[in-house]
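Participant: There's a structure below that I have some questions on.
In the UniProt record's numbering, the protein residues as written are 1 to 184.
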């Protein structure tokens, strides 16, 4: 992580995993693959009427692959990212899941006032670390990782990149939430 991020109230991997598990349970998602666009475009608006999702143009968004607007209950992804999500490209699926993490974990506009260099913030207080942890847990649920046969099956079954799978497994093992030795 480099650059700047927001210092937010602390959240552990276990707490974030619990939140993503409750989201999966609420929408009755029992498969390893999380249907991101279906949830964002169809299901979330039914249970969260204020929620908004839009696709922005590359010319307007530049290097921002996705944006979350705290207090406005809104997420935006760049048009090329959206197209890749429709094609189940792992990196872009992670981008949208990351933005959902910001929305669920950091939707208080007051948090946007506490900007700092990421190297000066403990990971569990970093908005970016928390959003990445949320994305990893949403896309690769712990219950699945506990019985997964290999990293390759995680990539295939969850629609993520190999790098994302490695980072998630390492993080869950470091937090002592996962002990599956098939995933090394």
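All C-beta atoms in this analysis are idealised placements derived from N, C-alpha and C, irrespective of residue type, glycine included. Just so we're clear, the structure is a prediction, and the values are computed from it rather than from any experiment.
Looking at residue 98: is its Cβ nearer than 8 Å to the Cβ of residue 132?
Facilitator: Cβ distance < 8 Å, so residue 98 and residue 132 count as in contact.
Participant: Does the ligand ATP have a heavy atom nearer than 7 Å to the CB of residue 125?
Facilitator: Looking for the ligand ATP in the displayed structure turns up nothing, as the structure carries no ligands at all.
Participant: Should residue 186 be labelled buried (16 or more other beta-carbon atoms within 10 Å of its own) or exposed?
Facilitator: Outside the displayed span of the chain (1 to 184) sits residue 186, for which this structure offers no information.
Participant: What residues are listed by DSSP as bridge partners for residue 66?
Facilitator: According to DSSP, residue 66 bridges with 77.
Participant: Helix, strand or coil, according to DSSP, for residue 54 in the structure here?
Facilitator: Note: residue 54 maps to strand in three-state DSSP.
Participant: Quick check on this structure: which residue in 84, 66 and 89 has the alpha carbon closest to the alpha carbon of residue 162?
Facilitator: Checked all of 84, 66 and 89; the closest Cα to residue 162 is 89.
Participant: In angstroms with no decimal places, state the Cα-to-Cα distance between residue 170 and residue 45.
Facilitator: The alpha-carbon atoms of residue 170 and residue 45 are separated by roughly 34 Å.
Participant: Would you tell me roughly how many angstroms separate the C-alpha atoms of residue 136 and residue 108, rounded to the nearest one?
Facilitator: Going by the C-alpha atoms only, they are around 22 Å apart.
Participant: Using a threshold of 8 Å, state whether the C-beta atoms of residue 34 and residue 138 are closer than that.
Facilitator: Their beta carbons are under 8 Å apart, which means residue 34 touches residue 138 by this criterion.
Participant: Taking the CB atoms as reference points, tell me whether residue 8 and residue 127 lie closer together than 8 Å.
Facilitator: In this structure, residue 127 lies closer than 8 Å to residue 8 by Cβ.
Participant: Looking at the structure shown, is residue 41 part of a helix, part of a strand, or coil, going by DSSP?
Facilitator: Correct three-state label for residue 41: helix.
Participant: Assuming residue 94 and residue 160 make a contact with CB atoms under 8 Å, what is their CB distance in whole Å?
Facilitator: At roughly 6 Å, the Cβ-Cβ gap stays under 8 Å, so residue 94 and residue 160 are in contact.
Participant: For residue 7, name the three-state secondary structure that DSSP assigns.
Facilitator: Here residue 7 sits in strand by DSSP.
Participant: Would residue 130 and residue 11 be called neighbours here (beta carbons separated by less than 8 Å)?
Facilitator: Cβ atoms of residue 130 and residue 11: closer than 8 Å.
Participant: Checking 8 Å against the spacing of the C-beta atoms, do residue 55 and residue 79 come in under that value?
Facilitator: Yes, they are a contact pair.
Participant: With which residues is residue 126 paired in a DSSP beta bridge?
Facilitator: DSSP output for residue 126 lists 7 as bridge partner(s).
Participant: Using a 10 Å radius around the Cβ and a threshold of 16 neighbouring Cβ atoms, would you call residue 165 buried or exposed?
Facilitator: It is buried - the Cβ of residue 165 has at least 16 other Cβ atoms within 10 Å.
Participant: Taking buried to mean at least 16 other C-beta atoms within 10 Å of its own C-beta, is residue 32 buried or exposed?
Facilitator: So residue 32 ends up on the buried side.
Participant: Rounded to the nearest angstrom, how far is the Cβ of residue 36 from that of residue 96, given a contact under 8 Å?
Facilitator: Sure, about 5 Å apart at Cβ, within 8 Å.
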